[in-house]
Amino acid sequence: MHNKRQITKDLCWIGTNDRRLALFENVYPIPTGVSFNSYLMTDEKTVLFDTVDKCMSHQFFDNLECALAGRKLDYVIVNHMEPDHSATLPDLLLRYPDVKIVGNAKTFMLMKQFFQKDMEQNLVTVKDGDTLNTGRHTLKFIFAPMVHWPEVMVTYDETDGTLFSADAFGGFGALNGNIFTDEIDFDESNWENMRRYYTNIVGKYGMSVMSLLNKASSLKINQICPLHGMIWRKNIDLLIEKYKKWASYEPEEKGVTIVYGSIYGNTENAAEILAGMLAEKGIRNIQMFDVSAVHPSYILSSCFRYSHIVLAANTYNAGMFVNMETFMHCLAAHSLKNRNISIIENGSWAPMSGRKIKEILDSMKDIKTIGELVTITSSIKDTEFKKIEQLASDIVSDIQV
123 MHNKRQITKD LCWIGTNDRR LALFENVYPI PTGVSFNSYL MTDEKTVLFD TVDKCMSHQF
183 FDNLECALAG RKLDYVIVNH MEPDHSATLP DLLLRYPDVK IVGNAKTFML MKQFFQKDME
243 QNLVTVKDGD TLNTGRHTLK FIFAPMVHWP EVMVTYDETD GTLFSADAFG GFGALNGNIF
303 TDEIDFDESN WENMRRYYTN IVGKYGMSVM SLLNKASSLK INQICPLHGM IWRKNIDLLI
363 EKYKKWASYE PEEKGVTIVY GSIYGNTENA AEILAGMLAE KGIRNIQMFD VSAVHPSYIL
423 SSCFRYSHIV LAANTYNAGM FVNMETFMHC LAAHSLKNRN ISIIENGSWA PMSGRKIKEI
483 LDSMKDIKTI GELVTITSSI KDTEFKKIEQ LASDIVSDIQ V
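In the numbering used here, each number is its position in the sequence shown, counted from 1, plus 122.
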């Protein structure tokens, strides 16, 4: 049986939800699943906006058949060629052999790499700014390269003010019946799903996102329909403001993310002591993460959110603790900048983790070091305690500037 929901008179959601998938892109944990959104416009011409992941094809085709209600499918617009949105295209052509596939030159370059099926006679190539009239609606194609693949484009319905935003404005989490953000109490857990999705999927490409936001600033947007997550038809200004902060690597708020790697608990103890001192000095926003227990995607999200970061790691094989090293490479790979960072290192005979952390930070842009490097030799003594206390004062002073 079908599952679809109406968005406007001529537009409905015909996507699917996967609550069994453990890792998005086989990397990022998704404990509440993920949605694969697809949309159908029924005008004088029928238009499908993207498809879904191959594993959800059965439900998707049931939804599409119901929504078409016996009509033929005229167009499918491929805003993003990543397989979780395009893998069902060959099957779509088997069912609707006359459908026209709308994309750009890079879309079709990738399509030929993914699929052996000859689709040449079905392809309609568009350029940045081109339009397609479907009857009552006029669709405008706006290129958004590297948000987060080079072929990405978004489609703007000039008639109803709907932006089909590809991977922009998306989020983790399956949809639980309610597909609109205004149908639920949209709280910090929902923002965290969106923040973690943004920082890990497109966070590296802030300049590209800002370019898209600048292009979209002249559009009257009444609803945003992303390929993952919920549809926005209210509070769109708030969403765009969040995206501007993320894309410019500006912290959402002042606070401290404490990231630690510890073997026998002594480095963890230093992180706990620092957190307590910060709290006593009035810092309200503190998040702590054990790199051995928490996936880097959650930690990265917190680092995008808050202004200050503390990295505490023991020395391991003359370098830094292996899980901290993994996280540090993740931090650098996502191009985070404009952050104030402090370092705590531990080592029993030759502390090296602080130096190794600093080497990676030096490769990043606009990173400011707060306080002196705190070095612990095995466990915390009075001298180290006082250094941690001084570091807490330095961080608080910087936050209060």
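Where is the CB? At the ideal position from N, CA and C, for every residue including glycine. Here the structure is a predicted model, which means the values were calculated and not measured.
Can you look up residue i in the DSSP assignment and give me helix, strand or coil?
i, result
"E374", "coil"
"T256", "coil"
"W271", "coil"
"G469", "coil"
"L360", "helix"
"K509", "helix"
"T284", "strand"
"T497", "strand"
"R461", "strand"
"V413", "coil"
"K234", "helix"
"D132", "coil"
"Y438", "strand"
"V276", "strand"
"Y218", "coil"
"I482", "helix"
"G476", "helix"
"R127", "strand"
"T389", "helix"
"N315", "helix"
"H202", "coil"
Quick one, which of the options has its alpha-carbon nearest residue i's?
i, options, result
"S414", "R427, I408, F443 and I405", "F443"
"D516", "I465, K478 and A296", "I465"
"G406", "S429, N388, D412 and I385", "Note that residue 406 is Arg in the sequence shown, not Gly. Selected option, being the one with the closest Cα: S429."
"T491", "R461, K508 and M474", "R461"
"I510", "M474, L458, G398 and V248", "G398"
"G292", "D165, Y365 and E166", "Y365"
"I362", "R317, I395 and E394", "R317"
"V274", "D172, Y371 and Q512", "D172"
"D359", "G377, N300, A338 and M474", "A338"
"Y382", "A369, E447 and S370", "E447"
"K131", "N298, R258 and S424", "R258"
"N226", "D252, F236, L214 and D206", "D252"
"E402", "V156, A514 and N159", "A514"
"M329", "F294, S370, I323 and D289", "S370"
"F183", "P151, G137 and V496", "G137"
"D520", "M486, I463 and A434", "I463"
"E372", "W313, E280, N439 and D488", "D488"
"F146", "L334, T505, E506 and I323", "I323"
"D279", "N255, P272 and D484", "N255"
"E204", "V224, T229 and P219", "T229"
"G377", "V331, S424 and L215", "S424"
"P272", "E506, L232 and G469", "L232"
"T154", "F507, A454 and N298", "N298"
"R427", "Y438, L396, K459 and V416", "K459"
"A454", "S470, I482 and A209", "I482"
Around the C-beta of residue i, are 16 or more other C-beta atoms found within 10 angstroms, so that it is buried, or is it exposed?
i, result
"V149", "exposed"
"P418", "buried"
"G325", "buried"
"A472", "exposed"
"H180", "exposed"
"M163", "buried"
"R217", "exposed"
"M450", "buried"
"N336", "exposed"
"E467", "buried"
"P348", "buried"
"G387", "exposed"
"L531", "Because the chain in this structure spans residues 123 to 523, residue 531 falls outside the shown range and cannot be described."
"A144", "exposed"
"V200", "buried"
"G476", "buried"
"D289", "buried"
"D504", "exposed"
"D484", "exposed"
"V523", "exposed"
Quick test of your reading: residue i and residue j, contact by CB under 8 Å. State the CB separation rounded to the nearest angstrom.
i, j, result
"P212", "K234", "Contact flag wrong, Cβ pair sits at about 12 Å."
"A441", "K478", "Looking at the sequence itself, residue 441 is Gly, so the reference to Ala does not match. Yes, G441 and K478 are in contact; Cβ-Cβ is about 5 Å, under 8 Å."
"D196", "K222", "7 Å"
"H456", "L400", "Between L400 and H456 the Cβ distance is about 25 Å, and since that is not below 8 Å, they are no contact."
"D412", "K356", "Contact flag wrong, Cβ pair sits at about 38 Å."
"L170", "S157", "Wrong, their Cβ atoms sit about 16 Å apart, outside the cutoff."
"N436", "I385", "6 Å"
"A296", "N125", "Incorrect: roughly 12 Å between the Cβ atoms, too far for contact."
"V248", "H207", "Not a contact, Cβ separation roughly 17 Å."
"I502", "A392", "6 Å"
"W368", "Y320", "5 Å"
- Message: Tell me whether the region 181-195 and the region 257-273 touch, counting them as touching only if at least three CB pairs, one residue from each stretch, are closer than 8 Å.
- Response: no
- Message: Measuring CB atoms only, is the region 300-317 touching the region 348-368, in the sense that at least three cross pairs come out at less than 8 Å?
- Response: Judged by Cβ distances under 8 Å, the region 300-317 makes contact with the region 348-368, as three or more pairs qualify.
- At a cut of 8 Å, does the region 331-349 reach the region 273-288 through at least three beta carbon pairs? Touching, yes, given that three or more Cβ pairs across the two stretches are closer than 8 Å.
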